[in-house]
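*Asks:* Under my numbering, the first residue of the sequence shown carries the number 72, and numbering increases by one thereafter.
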Amino acid sequence: MAGAKETPRQRMIGMMYLVLTALLALQVSNQILQKFVLINDGMERTSRNYISKNESSVANIRGAVEEQGNNPKDVPKVAASQQVREATKEIFSYLEDLKQQLITQANAKDEEGNFVNSALKNTEVPGNLFANSGKGEELKEKLNAYPTQVSSILSGIGITGMTFQPIARDAKDIDLFANDREARNKSFVNLTFVKSPVGAVLALISQYQNEVLNIESDALSEIAKSIGTFYFKADILEGKIAAVSNVVAAGTKFQGDMFIASASSSAAPTMTLRGQPVPVENGFGKVEFTVPPASSYDDRGLSRQVLTGEIITNVGGEDQVIPVEYEYFVAQPVIKVSSEVVQQLYADCANELLIEVPALGNTYSPDFSVSNGQSIKGNQPGQLTVIPGASGKVTIGVSSGGNKIGDVAFDIKPVPLPTIKALASNGSEMDASVAHAVNVFSGMKVAAVAEPTFARTMAKDSNFEVSGGEIILLRSEVPRGSVPIGGSMRTLLESARPGDDIVIRVTQVTRTNFRGNKINSELRTIFRLAVK
72 MAGAKETPRQ
82 RMIGMMYLVL
92 TALLALQVSN
102 QILQKFVLIN
112 DGMERTSRNY
122 ISKNESSVAN
132 IRGAVEEQGN
142 NPKDVPKVAA
152 SQQVREATKE
162 IFSYLEDLKQ
172 QLITQANAKD
182 EEGNFVNSAL
192 KNTEVPGNLF
202 ANSGKGEELK
212 EKLNAYPTQV
222 SSILSGIGIT
232 GMTFQPIARD
242 AKDIDLFAND
252 REARNKSFVN
262 LTFVKSPVGA
272 VLALISQYQN
282 EVLNIESDAL
292 SEIAKSIGTF
302 YFKADILEGK
312 IAAVSNVVAA
322 GTKFQGDMFI
332 ASASSSAAPT
342 MTLRGQPVPV
352 ENGFGKVEFT
362 VPPASSYDDR
372 GLSRQVLTGE
382 IITNVGGEDQ
392 VIPVEYEYFV
402 AQPVIKVSSE
412 VVQQLYADCA
422 NELLIEVPAL
432 GNTYSPDFSV
442 SNGQSIKGNQ
452 PGQLTVIPGA
462 SGKVTIGVSS
472 GGNKIGDVAF
482 DIKPVPLPTI
492 KALASNGSEM
502 DASVAHAVNV
512 FSGMKVAAVA
522 EPTFARTMAK
532 DSNFEVSGGE
542 IILLRSEVPR
552 GSVPIGGSMR
562 TLLESARPGD
572 DIVIRVTQVT
582 RTNFRGNKIN
592 SELRTIFRLA
602 VK
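Laid out in structure tokens, this is it:
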């Protein structure tokens, strides 16, 4: 990442580094580890594209200087470009060797060369290799020495305005963790490798390789721009796209460079992708679009897509059309719903949900549609309160940035009826198996107590009260008087004698929901308490 002004590609690389670093701390499933393998494969393909492009840039610099008569001011720039390439090859090979050591020590591949899921989840090998043996500190030193080395090479040929940020950083130097109390004091090694699964560490090392190649690309571009005007001469032209990754999640942005393999900053090509114009900067087309969901996915959760386009440039005084084709894969995003009542939602209640799509990361900007119910959007992305209808199913449609991600459906569960209890004035339940003094009944309250799980998970909707029924004084099984539940029992109790029964007959309860609305329910309950 060069200087204060970053290109979209550089910002994406930085974002991927932050996301990968954050994911290292998670307990991940086999499915997510397989996605790490796919992301690693995509970044390795991107590295190969970068290497091809950068090697071509070195050859173009040498050819440009020769065509201009080996100007003494430009000749050292050929050597400088070669020094940058050699320095890059050295650190790239070092990182590749670390990946192989990690794979070998973790037995991460079987005899056929396929990754083993159980080995990819191993968190001990990365800790031993990078933390306990000191490899992590060595890696940090080499990664951060590389940008300094490249800047020094550029300074030696008079390019002084280009600096690069360190690649390996401690948590306090990363915005994502700077204010996190648990993570901000972690070193680069502890943050990246301790308790981190093998699959995630492999992807992160591949990301470091991408960052190294990106720095090399920027440095070579600056060297090429510093050379006096030269003419582009080529007999073989090939259109390419160098993407940050060819595995992307639906709803995230696809980013990369679209270019002629032997292009120079003096070329002025026009480019199109899928029939639409592509903005061109210094001979490179800037490709960026939001990836829509695919119509179908394979058993790995991937959908193969092909980008097609054209590059039109002038060669030998004639316009030449160069076709471009690029394969990438759309990863199916997984919708994650968090709630204590996630399997079923309570009818006509405020069911609070957190709906996330982890694959979208910071680009997640959700919108929801709800059928057979109402919804209230929360203050934070993904927070949603759903008020289902009376019965059946409720379906929640999830979109991000205007792109449909998918649907999640839940059964609607009726609100459980409360339990009727007679409570003494001190709030304790009156025992029906023993007789009670008359004065105890004067403070009695007939209460409707919510089912415990419903009361815990739906506190705003579990306020019940008895709204219908009567209290009867029974002597020798003959009624001697009655009052409505909630009315004064004074006259009734003045007539009570030892051996009488107080019969409580409930016919209706009322629930006050989260909106303050009263909902009546029929409930038939009869129980008696003896008078002593």
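Note that beta-carbon positions come from the ideal geometry of N, C-alpha and C, so glycine has one too.
1. Look at GLN280 and LEU166 and say whether their C-beta atoms are less than 8 angstroms apart.
2. Per DSSP, ASP478 is paired with what?
3. Looking at the unbroken alpha helix (DSSP H) that takes in GLN451, where does it start and where does it end?
4. Could you tell me how far apart the beta carbons of LEU416 and VAL465 are, in whole angstroms, since I believe they sit closer than 8 angstroms?
5. Pull up the distance between the alpha-carbon of SER128 and that of ILE426, whole angstroms please.
6. Are the beta-carbon atoms belonging to LYS257 and ALA249 less than 8 angstroms from one another?
7. Leaving out five residues on either side along the sequence, give the residues of the same chain with a beta carbon under 8 angstroms from the beta carbon of SER288.
8. Do VAL401 and ALA321 have their C-beta atoms within less than 8 angstroms of each other?
9. Suppose contacts are defined by Cβ-Cβ distances below 8 angstroms. Is SER277 in contact with GLU137 by that definition?
10. If you run the structure through DSSP and keep just helix, strand and coil, what is GLY198?
11. How about the region 419-437 and the region 449-459: do they share at least three Cβ pairs that are nearer than 8 angstroms?
12. Could you give the first and the last residue of the continuous alpha helix (DSSP H) run that contains ASN263?
13. Enumerate, from N- to C-terminal direction, the unbroken beta strand (DSSP E) stretches of 3 or more residues contained entirely within the region 339-366.
14. GLU500 bridges to which residues according to DSSP?
15. With a threshold of 16 other CB atoms inside 10 Å of the CB of THR300, please say whether the residue is buried or exposed.
16. Going residue by residue through the region 408-438, where are the continuous beta strand (DSSP E) segments of at least 3 residues, counting only ones entirely within it?
17. Rounded to whole angstroms, what is the Cα-Cα separation between GLY539 and VAL479?
18. When the Cα of GLY587 is compared with those of ILE575, GLU536, LYS531, VAL554, which residue comes out closest?
19. Please determine, among GLY184, ILE286, LYS206, the residue with the shortest C-alpha to C-alpha distance to TYR217.
20. Going by CA-CA distance only, name the one from GLY184, SER223, ILE331, VAL537 that's closest to PHE355.
21. Between the alpha carbons of THR490 and VAL574, how many angstroms are there, rounded?
22. On a Cα-Cα basis, can you pick out the residue from MET233, LYS192, ILE294 that is closest to GLN153?
23. Can you tell me where the beta strand (DSSP E) holding ASP328 begins and where it ends?
24. Below 8 angstroms on the Cβ atoms is my contact criterion, and I expect SER553 with GLU541 to pass it. Report the Cβ-Cβ distance as a whole number of Å.
25. Taking just the CA atoms, how far does LYS296 sit from ILE228?
26. Using the Cα positions of SER226 and GLU183, report the straight-line distance between them to the nearest angstrom.
27. Going by other Cβ atoms of all chains shown within 10 Å of its Cβ, with 16 needed for buried, is ARG582 buried or exposed?
28. Helix, strand or coil, according to DSSP, for GLN220 in the structure here?
29. If we count Cβ pairs, one from each stretch, closer than 8 angstroms, do we get three or more for the region 367-375 versus the region 392-411?
30. Which term fits PHE360, buried or exposed, when burial requires 16 or more other beta carbons within 10 angstroms of its beta carbon?
31. Could you pull out every residue in the same chain whose Cβ sits closer than 7 angstroms to the Cβ of LYS106, ignoring the five residues on either side in sequence?
32. Sorted by chain position, which residues of the same chain lie with C-beta nearer than 8 angstroms to ARG255's C-beta, five sequence neighbours on each side aside?
33. Count the other CB atoms, across all protein chains shown, that sit within 10 Å of the CB of ASN131; report buried if there are 16 or more and exposed otherwise.
34. What's the C-alpha gap between GLU522 and LEU594?
35. The beta strand (DSSP E) that contains ALA506, what's its start and end?
36. Among ASP251, ASP246, ALA239, which residue has its Cα nearest to the Cα of VAL260?
*Replies:* The relevant details are as follows:
1. At a Cβ-Cβ threshold of 8 angstroms, GLN280 and LEU166 count as neighbours.
2. GLY468
3. Note, GLN451: premise wrong, no alpha helix (DSSP H); not H, not E.
4. 6 angstroms
5. 46 angstroms
6. no
7. Sequence-distant partners of SER288 (beyond 5 residues in either direction) whose C-beta falls short of 8 angstroms from its own C-beta, in its chain, are TYR121, LYS124, ASN125, SER128.
8. yes
9. no
10. helix
11. yes
12. The question names Asn, but residue 263 in the sequence shown is Thr. 259-264 is the extent of the alpha helix (DSSP H) around THR263.
13. 341-344, 347-349, 355-361
14. LEU494
15. Here the model assigns THR300 a pLDDT of 43, short of 50, so the residue's position is not dependable and the matter cannot be decided.
16. 415-417, 422-427
17. 39 angstroms
18. Nearest option by C-alpha distance: LYS531.
19. ILE286
20. The residue with the shortest Cα to Cα distance from PHE355 is ILE331.
21. 16 angstroms
22. ILE294
23. 324-331
24. 5 angstroms
25. 13 angstroms
26. Cα to Cα, the separation comes out at about 48 angstroms.
27. buried
28. helix
29. yes
30. Answer is exposed; the Cβ neighbour count stays below 16.
31. ALA402.
32. ALA242, LYS243, PHE248, ALA249
33. buried
34. If you draw a straight line from the Cα of GLU522 to the Cα of LEU594, it comes to about 14 angstroms.
35. No beta strand (DSSP E) holds ALA506; DSSP gives it neither H nor E.
36. ALA239
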